[in-house]
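Asks: Following this message is one structure expressed as structure tokens.
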Amino acid sequence: MSNVDSFGAKGVLDVQGNEYEIFRLNAVEGSDSLPYSLKILLENLLRTEDGKNITADHVRALAQWDQNAQPSTEIQFTPARVLMQDFTGVPCVVDLATMREAVEDLGGDPTRVNPLAPAEMVIDHSVQIDVFGNKDAIERNMEIEYQRNGERYQFLRWGQTAFDDFKVVPPGTGIVHQVNIEYLARTVMTREVDGKLRAYPDSCVGTDSHTTMVNGLGVLGWGVGGIEAEAAMLGQPVSMLIPRVVGFKLAGSIPAGATATDVVLTITEQLRQHGVVGKFVEFYGEGVAQVPLANRATIGNMSPEFGSTAAMFPIDDVTLDYLRLTGRSEENVALVEAYTKEQGLWHDPSKELRFSEYLELDLSTVVPSIAGPKRPQDRIELTSAKEQFRKDIHNYAAGDADDRNVGRPSKSVDVKTADGREFSLDHGIVSIASITSCTNTSNPSVMLAAALLARNAVDKGLASKPWVKTSVAPGSKVVTDYYEKSGLSPYLEKLGFYIVGYGCTTCIGNSGPLEAEISEAIQANDLSVTSVLSGNRNFEGRINPDVKMNYLASPPLVIAYALAGTMDFDFEAEPLGQDDAGTDVFLKDIWPNPVEVQQVMDASIDKDMFAKGYEGVFDGDDRWKALDTPAGNTFEWAEDSTYVRKPPYFDGMKAQPEPVSDIDGARVLLKLGDSVTTDHISPAGSFKSDSPAGQYLLANGVDRKDFNSYGSRRGNHEVMIRGTFANIRIRNQLLDNIEGGFTRDFTQDGGPQNTVFDAATNYEAEGTPLVVLAGKEYGSGSSRDWAAKGTALLGVKAVLAESYERIHRSNLIGMGVLPLQFPEGESTSTLGLDGTESFSIAGVTELNEGTTPSTLKVTATAQDGSTQSFDAVLRIDTPGEADYYRNGGILQYVLRQISGS
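Per our numbering, residue 100 is the first one in the sequence shown, and the count goes up by one each step.
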């Protein structure tokens, strides 16, 4: 709460007779030419100025921002609200429940642990595609979801009643980011403060990296780890350096054959090549007004794939039209317009804003594209897709290019399914074609383009190939409504694209199992098969354990690939089939006309759909209401629960932190290469019986069929620690050509192979600290808090990498793990480190004196006793992060603050 107003910024705004307290940006010199994203941060500082943590100097530093300088000024950002999905949200609520008990143990009042900012969770990550290709799929998948996740859902219902300002959107409603833009986002917030109604820009942090989707609505927000989100809920500001802002000019319009998905894949490739990690991207120029809101949201959504912190669009008439369409009140729309115009936050393309760097894209140059086979930024023009696949397949399948005379590695494997279908499989077949993910299911233009392509295909007599697992998982029920109203649902269903649930599904690895006979054939013959999805992530091992190559594509192209049945396909030269007259049918013959797409959109989507779709959104269906919900201020943990367990973070915690100490005699748990993502580190997707997590569940009486996914068991640290660094595609360079969660265990003679978890357990028994060695872009990808939590619980005290992505670096500090960086130009290879050395890290104790050294001395001792030392850069970037590390982590820091210690 602000108690200082150094600039006299506080004033009153009258909107249609309603008075709102606001903090005027024009009170601060230099604010007028700031990018819109920084104006929102400036208002945040003005409103929260307290003379101590947030001072007039901070406000001035931001207003007089030097766009050409490297970020060096730390500010505190207090987000207006916190957004969660259930995979990352459950651990947040588990931690809050545990904190209540810890506060009680320290002699405090447990009810003081409460969200201080509105916190909303959408349960969207738990539905899995077990049933597909029929009308019963959605109901059956929901039933199975509740059977698997009943314990978690009971716990979340307890949280909904126990905590103030915490709301849960129950399962079967939609995907968090789509629900956010269509319903939860306020655009301009109002809150009563000291008896006055205050208006201020909506902003949020979310426990999912694609929180940036709301940037398309002019709301500043981004993904943080669950650890940071918990702190934000508890009133801790997010520490950040004033970022560089990249101005991205959009011009022209999308050509007929291309879609919003193609635009976003093009932007992703362009920004990755330019380098925007840690920066804001802001779209500007005359062309912005021509970009529909749904396309803005699609672009904003993929900000993590560019690497940027946020990807902002300014507020304009397009924003207001979308707010009206989605059923926001006229009072809210009027406030958004009046407030943003008053504050200089309304888009004025004639105004010259300051940017650090400038980029431009002429939308008319965009061509149909896909991305893959393992990274979102690896864009492939559709015309080159077959040729590129034939190059890439050599990385996934053995055999010469002229095997069986088809010009690439090839195997013909005959399969007969239980229902009598017979076909042959080969490398490159499309095993999964899924219209999924908030990125595209929030965008009616691409969703209806897919439906119209399906209609055209059916009319021509085409069918999906019998080995393709087909699905549609929209991000909100509104999609179903406009599919029904447009009369296009039957065509999608004729091709097998039935609605299977409302949630993230395939995009986060909840693709469900392939049919047993197909899965067995793939595994027995080591086939390298593919998936095609309209999602935002295609990292190795993410989509399905049987699928090695994953491609991102627009919804209509997902259907086109289901018709083709293989990635080894040239849509220009090869027909998808023949019509009744025996004439070849090509993709161009069924591709929908953009004019018709627009006409169907205009005729099928209206305001009432959104009002009806979100009526009683927090109430849930009969299944949700029937859950037996515990009561009380603290949670009664079930000793036999394998889903929700009390974590050990606060065990034995004292009112004052212990001094931090140097690290001595540490061994290497893993030695990793470049681009190791949080998907490689954090447990995700399904797991097998012989894995440490599987063994734990079997020992606790859980049947193999009830394992569920790692994501659904994020509330149980025992499962998650066993799955950390256990991704089936991770490569630990301590071992030769071994994939999966294995390492060398130097507690035993010769350092034999062991699982990462069992080796870590042995090191812990010996009292040996651990380190991880890594290459560039360590921790890129989703904001997975368990990537940091699991690392810490395995006993890793420091990570030594060539570079980090933002969220994971800060999450490591949040869990008390030191992020260190090799000196510029140095790496494990230049230093000759093979991972068999023991490591000592000196200089850590300087942090006890309230200072943060820029480097720490690392000494590596080889097995022959020889040593080498170097100065590693300490990546504790702000004083706030140093406080967290000194306290053993961010939650311990907050807990001590709450307890008044």
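For glycine and all other residues, C-beta sits at the position ideal for the given N, C-alpha and C.
Predicted, not measured: the structure shown is a model, and the values here were computed from it.
Have a look at W885, D208, D857, K753 and flag the residue whose alpha-carbon is nearest the alpha-carbon of N986.
Replies: Position 887 of the sequence shown, counting from 1, holds the residue named residue 986. Of the listed residues, the one whose Cα sits closest to N986 is K753.
Asks: Does DSSP classify C603 as helix, strand or coil?
Replies: Taking the sequence shown and counting its residues from 1, one reaches residue 603 at position 504. Coil at C603, not helix or strand.
Asks: I believe G913 touches G988 by the beta-carbon criterion, under 8 Å. Please report the beta-carbon distance rounded to the nearest angstrom.
Replies: Working through the sequence shown from its first residue, we reach residue 913 at position 814. Working through the sequence shown from its first residue, we reach residue 988 at position 889. Between G988 and G913 the Cβ distance is about 6 Å, and since that is below 8 Å, they are a contact.
Asks: With DSSP collapsed to three states, give me the class of R554.
Replies: As a working note, residue 554 is residue 455 in the sequence shown. In this structure, R554 counts as helix in the three-state DSSP scheme.
Asks: Count the other C-beta atoms from every protein chain shown that fall within 10 angstroms of the C-beta of G822, then say buried if there are 16 or more, exposed otherwise.
Replies: Taking the sequence shown and counting its residues from 1, one reaches residue 822 at position 723. Buried, since its Cβ has 16 or more Cβ neighbours within 10 Å.
Asks: Using a Cβ-Cβ cut-off of 9 Å, state whether G681 counts as contacting chain C.
Replies: As a matter of chain content, chain C is missing from the structure shown, which is built from one protein chain.
Asks: Using the beta-carbon count (16 or more within 10 Å), is E329 buried or exposed?
Replies: Along the sequence shown, read from residue 1 onward, the residue named residue 329 stands at position 230. So E329 counts as buried.
Asks: Please give me, in chain order, every unbroken run of the beta strand (DSSP E) with length at least 3 that falls completely inside the region 203-284.
Replies: Listed in chain order, the complete beta strand (DSSP E) runs (minimum 3 residues) inside the region 203-284 are 218-221, 265-268.
Asks: Could you tell me the boundaries of the beta strand (DSSP E) in which K568 lies?
Replies: Residue numbering aside, residue 568 sits at position 469 when the sequence shown is read from its first letter. Here the beta strand (DSSP E) through K568 covers 568-571.
Asks: Could you check the C-alpha separation between S1000 and G325 for me, to the nearest Å?
Replies: Residue 1000 sits at position 901 when you count from the first residue of the sequence shown. Residue 325 sits at position 226 when you count from the first residue of the sequence shown. The pLDDT assigned to S1000 is 49, lower than 50, so where the model puts this residue is not dependable; a value taken from the coordinates is nonetheless given after this. Those two C-alpha atoms are separated by around 24 Å.
Asks: Answer yes or no: do N240 and V221 have a C-beta to C-beta separation smaller than 9 Å?
Replies: Stepping through the sequence shown from its first residue, residue 240 is reached at position 141. Stepping through the sequence shown from its first residue, residue 221 is reached at position 122. Going by C-beta atoms, N240 is not nearer than 9 Å to V221.
Asks: Which class does E401 belong to by DSSP, given the choice of helix, strand or coil?
Replies: In the sequence shown, the residue the question calls residue 401 occupies position 302. Reading off the sequence, residue 401 comes out as Met, not Glu. Correct three-state label for M401: coil.
Asks: Should G351 go down as buried or exposed, given a rule of 16 or more other Cβ atoms within 10 Å for buried?
Replies: Working through the sequence shown from its first residue, we reach residue 351 at position 252. Classification of G351: exposed, given that the 10 Å Cβ count is below 16.
Asks: Return helix, strand or coil for V775, following the three-state DSSP convention.
Replies: Counting from one through the sequence shown, the residue named residue 775 turns up at place 676. Looking at V775 - three-state DSSP - the assignment turns out to be coil, as it is neither helix nor strand.
Asks: Use the C-beta contact count for G712: other C-beta atoms within 10 angstroms, 16 or more gives buried, fewer gives exposed.
Replies: As a working note, residue 712 is residue 613 in the sequence shown. G712 is buried by the Cβ-count criterion.
Asks: When DSSP labels each residue in this structure, what does L561 get in the three-state scheme?
Replies: The residue labelled residue 561 in the question sits at position 462 within the sequence shown. Coil at L561, not helix or strand.
Asks: May I ask which residues mark the beginning and end of the alpha helix (DSSP H) holding L144?
Replies: Sequence index remark: in the sequence shown, residue 144 carries index 45 (1-based). Its alpha helix (DSSP H) spans residues 135-147.
Asks: Would you kindly work out how many angstroms separate the C-alpha atoms of S902 and D773, rounded to a whole number?
Replies: On the sequence shown, position 803 is the one that residue 902 refers to. On the sequence shown, position 674 is the one that residue 773 refers to. Answer to the nearest angstrom: the Cα atoms are 9 Å apart.
Asks: Could you please give me the residues that DSSP links to I479 through a beta bridge?
Replies: For the purposes of this step, residue 479 is identified with residue 380 of the sequence shown, where counting begins at 1. Note: I479 sits in a beta bridge opposite I469.
Asks: Alpha carbon to alpha carbon, what distance is there between Q184 and G731?
Replies: As a working mapping, residue 731 is identified with position 632 in the sequence shown. As a working mapping, residue 184 is identified with position 85 in the sequence shown. Their Cα atoms are separated by approximately 24 Å.
Asks: Compare the C-alpha of L955 against each of I940, N947, D802 and name the closest.
Replies: As a working mapping, residue 955 is identified with position 856 in the sequence shown. Among I940, N947, D802, the Cα nearest to that of L955 belongs to I940.
Asks: In terms of alpha-carbon separation, which member of T629, G386, K568 lies closest to R489?
Replies: Within the sequence shown, the letter at position 390 stands for residue 489. The shortest Cα separation from R489 among T629, G386, K568 belongs to T629.
Asks: Return helix, strand or coil for Q832, following the three-state DSSP convention.
Replies: What you label residue 832 is simply residue 733 of the sequence shown in a count that begins at 1. Q832 falls in the coil class under three-state DSSP.
Asks: Is it buried or exposed, F670, if we count other Cβ atoms within 10 angstroms and call 16 or more buried?
Replies: As a first step, residue 670 must be located in the sequence shown, where it is residue number 571. The residue in question, F670, is buried, as its Cβ has 16 or more Cβ neighbours within 10 Å.
Asks: Could you check whether Y299 and M312 sit closer than 9 Å to each other, using their CB atoms as the reference points?
Replies: Numbered from its first residue, the sequence shown carries residue 312 at position 213. Numbered from its first residue, the sequence shown carries residue 299 at position 200. No. Outside cutoff.
Asks: For A73 versus P403, is the C-beta spacing smaller than 9 Å?
Replies: Nothing about residue 73 can be reported from this structure: the residues present for the chain run from 100 to 1000 only.
Asks: Apart from the five residues on each side of it in sequence, which residues of its chain come closer than 7 Å, Cβ to Cβ, to D701?
Replies: Within the sequence shown, the letter at position 602 stands for residue 701. Nothing listed; no residue qualifies.
Asks: How is the alpha helix (DSSP H) around E456 delimited, first residue to last?
Replies: On the sequence shown, residue 456 is found 357 positions in, with the first residue counted as 1. Where E456 is concerned, there is no enclosing alpha helix (DSSP H), although the beta strand (DSSP E) it sits in stretches over 456-461.
Asks: Does DSSP put N314 in a helix, a strand or coil?
Replies: Here residue 314 corresponds to residue number 215 of the sequence shown, with the count starting at 1. Three-state DSSP puts N314 in a helix.
Asks: I'd like to confirm the pairing. Which residues does DSSP put opposite G305 in its beta bridges?
Replies: As a position in the sequence shown, residue 305 is number 206, starting the count at 1. Paired residues: L182, G322.
Asks: Return the CA-CA distance between Q794 and W723, expressed in angstroms with no decimal places.
Replies: Numbered from its first residue, the sequence shown carries residue 794 at position 695. Numbered from its first residue, the sequence shown carries residue 723 at position 624. Roughly 31 Å between the two C-alpha positions.
Asks: DSSP has G676 in a bridge; who is on the other side?
Replies: The residue you call residue 676 lines up with position 577 of the sequence shown. G676 is bridged to V684.
Asks: Sorted by chain position, which residues of the same chain lie with C-beta nearer than 8 Å to I366's C-beta, five sequence neighbours on each side aside?
Replies: Numbered from 1 along the sequence shown, position 267 holds the residue referred to as residue 366. Here the set comprises F347, I398, M401, F405, L460.
Asks: Closer than 6 Å by C-beta to V435: which residues in its own chain qualify, once you throw out the five before and the five after it? Chain order, please.
Replies: As a working mapping, residue 435 is identified with position 336 in the sequence shown. Within the same chain, V435 has close Cβ partners T286, V287.
Asks: I need the DSSP call for K888, collapsed to helix, strand or coil.
Replies: Locating residue 888 in the sequence shown gives position 789, counting from the first residue. Helix, per DSSP.
Asks: Could you please give me the residues that DSSP links to S879 through a beta bridge?
Replies: On the sequence shown, position 780 is the one that residue 879 refers to. Its beta-bridge partners are T776.
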